[in-house]
Structures are given as C-alpha cells and as structure tokens.
Amino acid sequence: GAVVSQHPSWVICKSGTSVKIECRSLDFQATTMFWYRQFPKQSLMLMATSNEGSKATYEQGVEKDKFLINHASLTLSTLTVTSAHPEDSSFYICSARGGRTYGYTFGSGTRLTVV
Amino acid sequence: EDQVTQSPEALRLQEGESSSLNCSYTVSGLRGLFWYRQDPGKGPEFLFTLYSAGEEKEKERLKATLTKKESFLHITAPKPEDSATYLCAVQPTGNQFYFGTGTSLTVIP
Chain A
1 GAVVSQHPSW VICKSGTSVK IECRSLDFQA TTMFWYRQFP KQSLMLMATS NEGSKATYEQ
61 GVEKDKFLIN HASLTLSTLT VTSAHPEDSS FYICSARGGR TYGYTFGSGT RLTVV
Chain B
1001 EDQVTQSPEA LRLQEGESSS LNCSYTVSGL RGLFWYRQDP GKGPEFLFTL YSAGEEKEKE
1061 RLKATLTKKE SFLHITAPKP EDSATYLCAV QPTGNQFYFG TGTSLTVIP
C-alpha cells in the first residue's frame, strides 16, 4: 500500500529559529503533496499544495515567506517554518496523492513546539 | 460555501453497543467523500472512499454509506481498540479537501 513517511515526528525549537519538516512518499511517486495544520481538538486545515517542480499554492491567510515549501522530487516535499514563534506551535501533517486510496495518504504528523 | 459538519462531537459507547457517526456536507460538486481514523498524535489513517449516492463500503466492524447530503459511519459491536477520532472529508473538485472537525469515539470495556 501507499506509505508516506514524515520526519521528524516531534521537534522543539527556540523562538526565532527555523525548522524543516520532510514528507516522503516511499513506494509511489507523488506529483502533488499537501501540507495541513491541526490545532488541538480541531480539524485539519490545508495550508498549501505542493507541486513537483513548480511553486506551491498557498491557502488564503497562510504566509508564503514564513512557511517555505519545496517539492524538488517526485518523492519528497519539505516544509520549513522560518523564524518560528510560539504561535506556530501545532501539529503539521503532510499528505500525498498516489496509491490505492484514490490519492490521499497521510504522513504520521510532526508536533512542533516553539519555546 | 462548501462545508462539512460531523456529529456528534464526542460519543461514548459500551463495548458491543452499535452506533452511527454522521457527516453532513454542502459542496458544489462531489468527487469523493473520505473517512479517516486518527489516533492521538498520529496522522489520519484511510478507511473508505465513497463516490456516489447509494454506495456502501465495509471493513471489519465499520460500514460507510453515502447519500446526496450526508454519509454515515456505522460501527457494529465496537471494541475498545476502535476508540479514536473519526474524520470525514469531502473533495468537491480538483485537489481541495474539506475536513469535518471529527467525532471522538470512546469505547468502554
């Protein structure tokens, strides 16, 4: 089956530093990947759509310069949270299109805590 | 406006007590409706995709059904290991997904 690997599973960083989260499709090629953010007891909110070889498409209200997305290959997309602040603390989840689920397999998520 | 509403917000069942979770949606078109299971601190795990009204899918103790306005996730004789948050998502067109806020299910032994 389709597997999406996301790393790290959790990270704690100091305010003002940058953090990179990786999302890899392990057994299929993903031309499109998606990045979500989830606050406690809330649903997933789409942040951006990552397209291999082109610029990401950001949802309204998501700062492009703060959340840098790179999709340099068909199996890897990265989300970099730049100059992180405590309000960026959240659960970030990636999703990739491919495999048996008609496209949408999710990674295991990354818990980001900014102190 | 595209919208997905799940109910109830939380559900506590005794082991073996069957019940249903609801997902109501309002979208301009429907390419697919998805059910996921999410355990605490984990990403969503795919359960089902439904494409058209009248469609049903089953997996172990779970059965998903779809009408033009809503979907139900029926849980038959649940076990404690079925405890999780169940998320519904709809895909109107393109790649956009709209998630509901989920139903937190607790099955008590």
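These protein sequences, in sequence, are chains A and B. Yeah, the first sequence ends on 115 if you go by our numbering, and it's all consecutive. Yeah, the second sequence ends on 1109 if you go by our numbering, and it's all consecutive. For every residue, glycine included, the Cβ atom is placed at its ideal position computed from N, Cα and C.
List, in order along the chain, the chain A residues whose C-beta lies closer than 9 angstroms to that of residue i?
{"i": "G1041/B", "result": "S9, W10, F91, S108, G109 and R111"}
{"i": "P1008/B", "result": "Residues of chain A passing the Cβ test: none, with the nearest at roughly 14 angstroms."}
Give a yes or no on whether the C-beta atoms belonging to residue i and residue j are separated by under 8 angstroms.
{"i": "V3/A", "j": "D27/A", "result": "yes"}
{"i": "G1100/B", "j": "T1026/B", "result": "no"}
{"i": "F91/A", "j": "Q38/A", "result": "yes"}
{"i": "L68/A", "j": "E52/A", "result": "no"}
{"i": "T1103/B", "j": "T1085/B", "result": "yes"}
{"i": "A84/A", "j": "T17/A", "result": "yes"}
{"i": "P1044/B", "j": "R1061/B", "result": "no"}
{"i": "P1080/B", "j": "P1109/B", "result": "yes"}
{"i": "P8/A", "j": "T110/A", "result": "yes"}
{"i": "V1090/B", "j": "L1021/B", "result": "no"}
{"i": "S1007/B", "j": "L1013/B", "result": "no"}
{"i": "F1072/B", "j": "T1049/B", "result": "no"}
{"i": "A1053/B", "j": "T1076/B", "result": "no"}
Step through the CB atoms of chain B and report whether any lies within less than 8 angstroms of the CB of residue i.
{"i": "Q6/A", "result": "yes"}
{"i": "Y104/A", "result": "yes"}
Starting from the beta carbon of residue i, find every residue of chain A whose beta carbon is closer than 8 angstroms, and list them in chain order.
{"i": "L1087/B", "result": "S43 and L44"}
{"i": "P1092/B", "result": "Those do not exist, as P1092/B stays about 13 angstroms from chain A at its closest Cβ, beyond 8 angstroms."}
Listing by chain order, which chain A residues have their CB less than 7 angstroms from the CB of residue i?
{"i": "G1102/B", "result": "S43"}
{"i": "P1044/B", "result": "F106"}
Can you check whether the C-beta of residue i is within less than 8 angstroms of a C-beta belonging to chain E?
{"i": "S1028/B", "result": "Any reference to chain E falls outside this structure, whose protein chains are A and B."}
Going along the chain, which residues of the segment 1049-1075 of chain B sit with their C-beta nearer than 9 angstroms to a C-beta in chain A? Per Cβ criterion, the list reads T1049 and Y1051.
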